[in-house]
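Heads up, the final residue of the sequence shown is numbered 329 in this note's numbering, and it's a clean run with no missing numbers.
Built from N, CA and C at the ideal position, the CB exists for glycine as well.
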Amino acid sequence: MSTLARSILIILVFMGLFADCLAGERAIVLSQGGELSFFALHAAAEEANADSQELLGKDDWAIWPLWRYHPNGVRTSGEIDVLQEPSSAHFLGTDDRGRDVASRLVHGARLSVRLAVGCALVASLLGCLLALLACTRSWLDAMVLASCDAIAAVPPLLAVLVVGGLVGGQSLWALIVLIAIPRAAATARLVRDGLQAALAMPFCESARAVGCSEARLLLRHALPQCWRPLRVAAGLTAATAVLAEVALSFLGLSAAGPDPSWGELLRQAQDNSLVWWLLVPAGVLTALLSWALGRMADPPSSGQRASKAARLASRA
């Protein structure tokens with residue numbers, strides 16, 4: 014994984030994890046009347062629908078997010094600034110409902126990161142389980158391979174669209190399962206082949222000769238040898254999840270509900286003559302995140318492994 018891809022991934026994951034600290038109207042820490050609260054809105058501001066910073070008392074203090082716009086909020090003084098071009102007030106402009114685009118981009122990273130991590134974990138765990146089952150009995154092996162072939166015959170995005178449309182597309186966990194199941198079949202094939210290759214290695218034959226049980230042989234000796242194919246499968250699953258969510262949001266089947274999504278910004282750009290402040294930032298972030306996750310699936314070359322070994326040897 015290159016340094017550039019790692020840096021992009023760290024930045025976007027940080028953006029998703031700490032979106033409330035980066036953009037929002039609620040104070041990160043609020044001291045009101047001598048009482049501390051976290052991610053709270055000043056009571057007077059909440060009632061008046063006003064800027065809470067202007068209504069702080071003399072002894073009150075607060076630590077605010079870097080960007081003082083809620084992703085679903087609209088600040089107006091009698092007019093709603095829809096499709097406003099980037100300015101000092103909104104440095105990435107507003108969408109077709111008057112909401113700040115920069116705030117929605119920051120909070121949209123949360124959905125993409127959660128979906129990528131959830132799909133990668135579910136697909137990896139399910140794929141490893143199926144691969145381990147396939148290596149225990151020959152009839153289970155044939156059943157697992159047949160199931161994987163049947164799942165691979167269905168276009169994954171088409172299945173997600175159909176089932177997502179039937180269930181309404183409003184459940185994040187349902188979307189994670191829908192995306193993870195086809196990827197789990199591909200993961201199971203990769204890990205199963207890795208387990209079969211590891212079981213034929215001399216160290217596994219030696220462990221079997223000294224009386225190692227089949228379960229210990231698989232879990233303790235063979236499964237750790239499958240880390241590289243599992244890493245490849247997890248990276249591809251995460252990248253696929255990001256692109257699938259953006260495609261679903263673009264088609265109006267987002268699992269985010271009222272929450273921001275990069276695909277929603279792309280759909281708004283499509284509906285409004287491809288205005289660049291909606292199209293370019295969301296498209297660039299989607300491409301960067303999917304590319305960085307895809308780079309996780311790229312195993313290091315022999316030259317990179319040799320240079321890493323040389324650095325370790327020099328430190329020793």
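Length of the line joining the Cα atoms of residue i and residue j
| i | j | result |
| --- | --- | --- |
| SER219 | ALA211 | 12 Å |
| TRP80 | PRO273 | 16 Å |
| ASN85 | ARG112 | 6 Å |
| GLU60 | GLY37 | Reliability fails at GLU60, whose pLDDT of 39 lies under 50, so the model's placement of it is uncertain and no value is given. |
| ALA163 | ALA198 | 9 Å |
| ILE194 | ALA136 | 6 Å |
| ILE24 | ALA40 | 22 Å |
| LEU256 | ASP284 | 20 Å |
| TRP152 | GLY248 | 30 Å |
| PRO294 | ARG150 | 51 Å |
| LEU298 | VAL119 | 10 Å |
| CYS239 | CYS161 | 18 Å |
| GLY265 | VAL95 | 20 Å |
| ALA144 | VAL223 | 24 Å |
| LYS71 | PRO271 | 36 Å |
| PRO242 | ARG19 | 19 Å |
| GLY47 | TYR82 | 26 Å |
| VAL167 | LEU134 | 22 Å |
Own chain, CB closer than 7 Å to residue i, minus 5 neighbours either side, in chain order
| i | result |
| --- | --- |
| TRP290 | GLU98, PRO99, LEU105, GLY106 and VAL114 |
| GLN281 | ASP108, ASP109 and LEU291 |
| GLY296 | LEU279 |
C-beta contact flag for residue i and residue j at 8 Å
| i | j | result |
| --- | --- | --- |
| MET309 | ARG205 | no |
| CYS141 | ARG196 | no |
| LEU146 | VAL130 | no |
| LEU279 | ARG117 | no |
Residues near residue i by beta carbon distance below 6 Å, same chain, minus five either side
| i | result |
| --- | --- |
| GLY276 | VAL259, SER262 and PHE263 |
| LEU301 | ILE21 |
| SER286 | none |
| GLN45 | ASP73 |
Residues that residue i bridges to, as DSSP identifies them
| i | result |
| --- | --- |
| ALA75 | LEU43 |
| PHE51 | VAL42 |
| ALA246 | Paired residues: none, contrary to the question. |
| THR299 | None; THR299 has no bridge partner. |
| THR107 | ASP113 |
Cβ shell of residue i (< 8 Å), same chain only, five flanking positions each side left out
| i | result |
| --- | --- |
| CYS148 | ASP154, ARG205, LEU208, GLN209, LEU212, LEU231 and ALA235 |
| ALA246 | ALA136, SER137, GLY140, ARG196, ALA199, THR200, LEU203, VAL204 and ALA310 |
| PHE216 | HIS234 |
| CYS34 | ILE41, PRO78 and LEU79 |
| ALA165 | PRO195, ALA198 and ALA199 |
| VAL87 | ILE93, ARG110, GLY111 and ARG112 |
CB contact below 8 Å: residue i versus chain C
| i | result |
| --- | --- |
| PRO78 | Among the chains of the structure shown, chain C does not appear; only one protein chain is present. |
Residue i: CB within 7 Å of a non-hydrogen atom of the ligand MN
| i | result |
| --- | --- |
| LEU139 | As presented, the structure is devoid of all ligands, the ligand MN included, so that no description of it is given. |
**Asked** When the Cβ atoms of the segment 120–137 are set against those of the segment 16–34, are three or more pairs found closer than 8 Å?
**Response** yes
**Asked** With contact counted as at least three CB pairs below 8 Å, one residue from each stretch, are the segment 166–175 and the segment 186–194 in contact?
**Response** yes
**Item:** Sufficient close CB pairs (3 or more, under 8 Å) joining the segment 297–307 to the segment 249–259
**Value:** yes
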